[in-house]
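First up is the structure itself, then whatever we jot down about it.
Protein chains: 2
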Amino acid sequence: MMKHNHVVIMAGGIGSRFWPLSTPEYPKQFIDILGCGRTLIQLTVDRFLGVCPDTNFWVVTNCKYVDIVKQQLPMIPESHILAEPAARNTAPCIAWACWEIKKVDSKANIVVTPSDAVVMNPQEFQRVIANALAFTAYQDNTPQQNHRIVTIGIKPSRPETGYGYVETSDAVDGGIYRVKEFKEKPDLPTAQRYLEKGNYLWNAGIFVWNADTITQCLEDYKPNIAADMDKIVETGDVEHIFPQCEKISIDFAVMEPASKDGKVFTHPADFGWSDLGNWASLHDKLEKDENQNGAVGNVHLVECSNCVVHAENAKKVILQGLDGYVFSEKNGQILVCKRTEEQRIKEWSEK
Amino acid sequence: MMKHNHVVIMAGGIGSRFWPLSTPEYPKQFIDILGCGRTLIQLTVDRFLGVCPDTNFWVVTNCKYVDIVKQQLPMIPESHILAEPAARNTAPCIAWACWEIKKVDSKANIVVTPSDAVVMNPQEFQRVIANALAFTAYQDNTPQQNHRIVTIGIKPSRPETGYGYVETSDAVDGGIYRVKEFKEKPDLPTAQRYLEKGNYLWNAGIFVWNADTITQCLEDYKPNIAADMDKIVETGDVEHIFPQCEKISIDFAVMEPASKDGKVFTHPADFGWSDLGNWASLHDKLEKDENQNGAVGNVHLVECSNCVVHAENAKKVILQGLDGYVFSEKNGQILVCKRTEEQRIKEWSEK
Chain A
1 MMKHNHVVIM
11 AGGIGSRFWP
21 LSTPEYPKQF
31 IDILGCGRTL
41 IQLTVDRFLG
51 VCPDTNFWVV
61 TNCKYVDIVK
71 QQLPMIPESH
81 ILAEPAARNT
91 APCIAWACWE
101 IKKVDSKANI
111 VVTPSDAVVM
121 NPQEFQRVIA
131 NALAFTAYQD
141 NTPQQNHRIV
151 TIGIKPSRPE
161 TGYGYVETSD
171 AVDGGIYRVK
181 EFKEKPDLPT
191 AQRYLEKGNY
201 LWNAGIFVWN
211 ADTITQCLED
221 YKPNIAADMD
231 KIVETGDVEH
241 IFPQCEKISI
251 DFAVMEPASK
261 DGKVFTHPAD
271 FGWSDLGNWA
281 SLHDKLEKDE
291 NQNGAVGNVH
301 LVECSNCVVH
311 AENAKKVILQ
321 GLDGYVFSEK
331 NGQILVCKRT
341 EEQRIKEWSE
351 K
Chain B
1001 MMKHNHVVIM
1011 AGGIGSRFWP
1021 LSTPEYPKQF
1031 IDILGCGRTL
1041 IQLTVDRFLG
1051 VCPDTNFWVV
1061 TNCKYVDIVK
1071 QQLPMIPESH
1081 ILAEPAARNT
1091 APCIAWACWE
1101 IKKVDSKANI
1111 VVTPSDAVVM
1121 NPQEFQRVIA
1131 NALAFTAYQD
1141 NTPQQNHRIV
1151 TIGIKPSRPE
1161 TGYGYVETSD
1171 AVDGGIYRVK
1181 EFKEKPDLPT
1191 AQRYLEKGNY
1201 LWNAGIFVWN
1211 ADTITQCLED
1221 YKPNIAADMD
1231 KIVETGDVEH
1241 IFPQCEKISI
1251 DFAVMEPASK
1261 DGKVFTHPAD
1271 FGWSDLGNWA
1281 SLHDKLEKDE
1291 NQNGAVGNVH
1301 LVECSNCVVH
1311 AENAKKVILQ
1321 GLDGYVFSEK
1331 NGQILVCKRT
1341 EEQRIKEWSE
1351 K
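Which chain is which? The protein sequence lines are A and B, in order.
Heads up: the first sequence is residues 1 to 351, going by our numbering.
Heads up: the second sequence is residues 1001 to 1351, going by our numbering.
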């Protein structure tokens, strides 16, 4: 079975909230943001090793990041690096990868994952993914089941307002639940209610399905995108067709209509996931000193507390007398700001 | 007369209080610390242009800075760059330069100056220096006067405890006063008393004398150094002789004993002088924005006040929410600290 498993890594994001660490020229998925010696996309591949054959990894990214992908992931075959000529959100991105996979493996069973999240417990991660893949795999000896999509649902640890949620209904089997409804980012009272109720999970954007399921769903819910993909695979003319695809997320294009049709399931999971969407989440994941500072790089902290510091390639950094600040340096660009103001970083970086 | 004027620039300091802007490899006299497009040593030469012939500049520096001097001051003849094999404080440094000058110009009239101070009014500076040189020049048509040394005395604007002082007695001529006594760095009540009394000036370390005077004074007060210099000029063996010279400042070696012998005079001056000895004095000299920030480099300040920022070669710096901080960057080394803690910078930089 495992030989039909494929992993699609989406690596087109531009990560502007981590300026200057992450820039549109070199976004965060390609950065060793945890200071562990591996970039986020390398860590993403690492945690899938053994889930699929090494030759079944695929990366969809913007054409300007292709060289970085080749450099950081030399084991990925060049034909598996799909270079988007323009960003069209996740539905065309995922569709293209799944169409290409189906062409070479009609029985493909596929995991789609972002490239810029972190998972603190990769062993538990592999257990969950294996369960989900078993649930969506083709059954050779039984009639084809109804189409099943699994989205990995993270058990919430706090009333987070920065993520979308998945509301579960009945358990089916193997720790998997039917999805009742997708919920957009809630306000704080709603998020608190979700946390109390217990049957709401964070939507991590990790999807599992087989090739038939995803192609059929797109034909049903977004026939225009399915038709574009047929043309791309037939003619190879990505350059002209892809930029004209409808710009829409996979959530709106497939997950929501499919959930109304009872095709979407979720595997609740607790493997120390974070989308590393902002400095607060990075601070959360970094090892802290006794003053709650998290620092990456050759950084000397004197009378500092509650700081998050990333100075990947600075020779030496000395910080004194800062409480609750972000410090970030890359390639001669430097940011110092209060952690409470981090949502303004993108605006400043464009000055 | 002017053809006998010579200017000796002392450029051996290591400026460790401005780390990482100034490092032992590239100290502050070679830095464009004011962000005006000229380094401190270049500004020093600039303000003497016209005081002496262009060919009469001399630089004494540590041997490891010779290449920097050549690069920054290409008009200085190579034979006028005196490379100290070891730092022996100012007396051997100044003695060596004056001996070399006397060898090529027996009627030389000499100004000795540090390389790392700033002067905001170069026109007034030239007027004062010209007066002092007139006072120490050889008089061809009259019998040789008694030896006269002039030290430039800065009119104090505040009760500064970081400088030595010169106490004046009677006025002689051309705005020049006899020096009664040199005073070491005072405590604050003493500095306040000096300021009130009005006849105490800051010792700027700028000395004016003719070649006969300084050689004679060293022979009288420090015959060991004079003998070493005779040998250096005779044999050219700087390498062996210089490092064994007595390590002593010109203040102790010459100025104090000469003042007791009535040979030392001072020219009170008010030309916006600062020794730029610390970040506070740099902040003082930089142009400030409406929030009292002084910044050099491509620096964007958001909700910052009372900061002093130097990011000479950073591509872009964004600072937010800092009040009363030093920010300094050079070659991938970065410092952020409270201005009140700047005296600890040297200690941190050695970590």
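Glycine included, each C-beta is placed from N, C-alpha and C at the ideal position.
*Length at least 3, wholly inside the region 1216-1294 of chain B: the beta strand (DSSP E) runs in chain order*: 1264-1269
*With 9 Å as the threshold, decide whether the Cβ of S349/A is near any Cβ in chain B.*
Here residue 349/A refers to the residue found at position 349 of the first sequence. True, the Cβ-Cβ gap to chain B drops below 9 Å.
*Please determine, among V1309/B, V1179/B, G1205/B and T1161/B, the residue with the shortest C-alpha to C-alpha distance to S1169/B.*
Against the second sequence, residue 1169/B aligns to sequence position 169. Minimum Cα distance to S1169/B is reached at V1179/B.
*asked:* Looking only at its chain, what residues have a beta carbon closer than 7 Å to the beta carbon of C245/A, apart from the 5 residues adjacent to it on each side?
replied: The residue given as residue 245/A occupies position 245 in the first sequence. If you ignore the 5 residues before and after C245/A, its C-beta comes within less than 7 Å of the C-beta of R88, P92, I225 and D228, all in its own chain and listed in chain order.
*How many angstroms separate the CA atom of Q1123/B from the CA atom of L1034/B?*
The residue given as residue 1123/B occupies position 123 in the second sequence. The residue given as residue 1034/B occupies position 34 in the second sequence. Their Cα atoms are separated by approximately 19 Å.
*Would you kindly check if the distance between the Cβ of V336/A and the Cβ of N1319/B is under 9 Å?*
The residue you call residue 1319/B lines up with position 319 of the second sequence. The residue you call residue 336/A lines up with position 336 of the first sequence. Reading the sequence as shown, one finds Leu at residue 1319/B and not Asn. Contact flag set, yes.
_To the nearest angstrom, how far is the alpha carbon of Q333/A from that of I345/A?_
Residue numbering aside, residue 333/A sits at position 333 when the first sequence is read from its first letter. Residue numbering aside, residue 345/A sits at position 345 when the first sequence is read from its first letter. So the two alpha carbons sit approximately 13 Å from each other.
_Please identify, using Cβ separations under 8 Å, the residues of the region 281-294 of chain A that lie next to chain B, in order along the chain._
none
*Kindly indicate which three-state DSSP category V172/A falls into: helix, strand or coil?*
Stepping through the first sequence from its first residue, residue 172/A is reached at position 172. In this structure, V172/A counts as coil in the three-state DSSP scheme.
*Could you run through the region 1324-1336 of chain B and flag, in chain order, every residue whose CB is less than 8 Å away from some CB of chain A?*
Y1325, F1327, E1329, N1331, G1332, Q1333, I1334, L1335 and V1336
_Same chain, Cβ closer than 7 Å to S259/A, neighbours up to 5 away in sequence not counted_ = Taking the first residue of the first sequence as position 1, residue 259/A is located at position 259. Only V179, E181 and F182 meet the Cβ criterion.
*Could you tell me the distance, in whole angstroms, from the CA atom of E1025/B to the CA atom of I1081/B?*
Here residue 1025/B refers to the residue found at position 25 when the second sequence is read from its first residue. Here residue 1081/B refers to the residue found at position 81 when the second sequence is read from its first residue. Straight-line Cα distance between these residues: approximately 18 Å.
*Min CB distance V998/B to chain A below 9 Å*: Not covered by the structure: residue 998/B. The range shown for chain B is 1001 to 1351.
*Residue range of the beta strand (DSSP E) that W1209/B falls in?*
Sequence index remark: in the second sequence, residue 1209/B carries index 209 (1-based). Here the beta strand (DSSP E) through W1209/B covers Y1200 to N1210.
*Determine the closest residue to T113/A out of I241/A, T266/A, C307/A and V60/A, with distance taken between C-alpha atoms.*
In the first sequence, the residue the question calls residue 113/A occupies position 113. Here the closest residue by C-alpha is V60/A.
*Inspect the CB distances between the region 1267-1285 of chain B and the region 280-300 of chain A and report whether three or more fall short of 8 Å.*
By the Cβ rule, the region 1267-1285 of chain B does not count as touching the region 280-300 of chain A, because fewer than three pairs are nearer than 8 Å.
_Close Cβ partners of H310/A (< 6 Å) along its chain, the five nearest in sequence each way excluded_ = Counting from one through the first sequence, the residue named residue 310/A turns up at place 310. Result list for H310/A: L21, V296 and S328, in chain order.
*Do you know whose CA, among M1120/B, D1275/B and T1266/B, lies nearest Q1029/B's CA?*
One-based indexing of the second sequence puts residue 1029/B at position 29. Ranking M1120/B, D1275/B and T1266/B by Cα distance to Q1029/B puts D1275/B first.
_For F252/A and D116/A, what's the separation of their Cα atoms in angstroms?_
For this step, residue 252/A is matched to residue 252 along the first sequence. For this step, residue 116/A is matched to residue 116 along the first sequence. Distance between the alpha carbons of F252/A and D116/A is about 21 Å.
*For the candidate residues V45/A, L188/A and A11/A, whose alpha-carbon lies nearest to that of M75/A?*
Against the first sequence, residue 75/A aligns to sequence position 75. Of the candidates V45/A, L188/A and A11/A, the one whose C-alpha sits nearest the C-alpha of M75/A is V45/A.
_D1067/B - DSSP class collapsed to helix/strand/coil_ = Working through the second sequence from its first residue, we reach residue 1067/B at position 67. Here D1067/B sits in helix by DSSP.
_With a threshold of 8 Å, are at least 3 pairs of Cβ atoms found where one atom belongs to the region 206-215 of chain A and the other to the region 47-63 of chain A?_
Taking 8 Å as the limit for Cβ pairs, the verdict is that the region 47-63 of chain A does not touch the region 206-215 of chain A.
*Continuous alpha helix (DSSP H) stretch holding T136/A: start and end*: Here the question's residue 136/A lines up with position 136 in the first sequence. P122 to T136 is the extent of the alpha helix (DSSP H) around T136/A.
*Of the residues R1017/B, M1002/B, N1005/B and V1007/B, the one placed nearest Q1343/B, counting alpha carbons only*: Residue 1343/B sits at position 343 when you count from the first residue of the second sequence. Here the closest residue by C-alpha is R1017/B.
*Which residue or residues does DSSP assign as beta-bridge partners of S1349/B?*
Residue 1349/B sits at position 349 when you count from the first residue of the second sequence. Answer by DSSP bridge pairing: none, since S1349/B is not bridged.
*Taking 9 Å as the cut-off, decide whether the C-beta atoms of N1293/B and V1308/B are in contact.*
Working through the second sequence from its first residue, we reach residue 1293/B at position 293. Working through the second sequence from its first residue, we reach residue 1308/B at position 308. Their beta carbons are under 9 Å apart, which means N1293/B touches V1308/B by this criterion.
_Rounded to the nearest angstrom, what separates W209/A and V119/A at their Cα positions?_
Sequence index remark: in the first sequence, residue 209/A carries index 209 (1-based). Sequence index remark: in the first sequence, residue 119/A carries index 119 (1-based). Answer to the nearest angstrom: the Cα atoms are 21 Å apart.
*Three-state class that DSSP yields for N331/A in the structure shown*: Position 331 of the first sequence holds residue 331/A. DSSP places N331/A in coil when its eight states are reduced to three.
_Residues in the same chain with beta-carbon distance under 6 Å from I206/A, minus the five sequence neighbours each way, listed in chain order, please._
One-based indexing of the first sequence puts residue 206/A at position 206. Contacts found: T113 and I152.
*If we count the other Cβ atoms within 10 Å of its Cβ and call it buried at 16 or more, is T1340/B buried or exposed?*
On the second sequence, residue 1340/B is found 340 positions in, with the first residue counted as 1. Label assigned to T1340/B: exposed.
*asked:* Only counting the same chain, and skipping five residues up and downstream in sequence, which positions put a Cβ closer than 6 Å to that of E303/A?
replied: Numbered from 1 along the first sequence, position 303 holds the residue referred to as residue 303/A. Around E303/A, the same chain offers Q320 and G321 as residues with beta carbons nearer than 6 Å, after the five sequence neighbours per side are excluded.
*Ordered along the chain, which non-local residues of its own chain (more than five positions away) have a Cβ less than 8 Å from that of Q71/A?*
Sequence index remark: in the first sequence, residue 71/A carries index 71 (1-based). Once the five neighbours on either side are set aside, Q71/A has no close Cβ partner at all.
*Express the C-alpha separation of G1198/B and K1102/B in angstroms, rounding to a whole number.*
As a position in the second sequence, residue 1102/B is number 102, starting the count at 1. As a position in the second sequence, residue 1198/B is number 198, starting the count at 1. One C-alpha to the other measures close to 37 Å.
_Closer than 9 Å at the beta carbon, the chain A residues around I1318/B_ = Within the second sequence, numbered from 1, the residue matching residue 1318/B stands at position 318. Residues of chain A passing the Cβ test: W19, P20, Q333, I334, L335, V336, C337, I345, W348, S349 and K351.
*Would a check of beta-carbon distances place E219/A closer than 9 Å to chain B?*
Mapped onto the first sequence, residue 219/A falls at position 219. For E219/A, the answer is no, since every Cβ of chain B falls outside 9 Å of its Cβ.
*State the Cα-Cα distance for the pair D1261/B and S1249/B, rounded to the nearest angstrom.*
Numbered from 1 along the second sequence, position 261 holds the residue referred to as residue 1261/B. Numbered from 1 along the second sequence, position 249 holds the residue referred to as residue 1249/B. About 18 Å.
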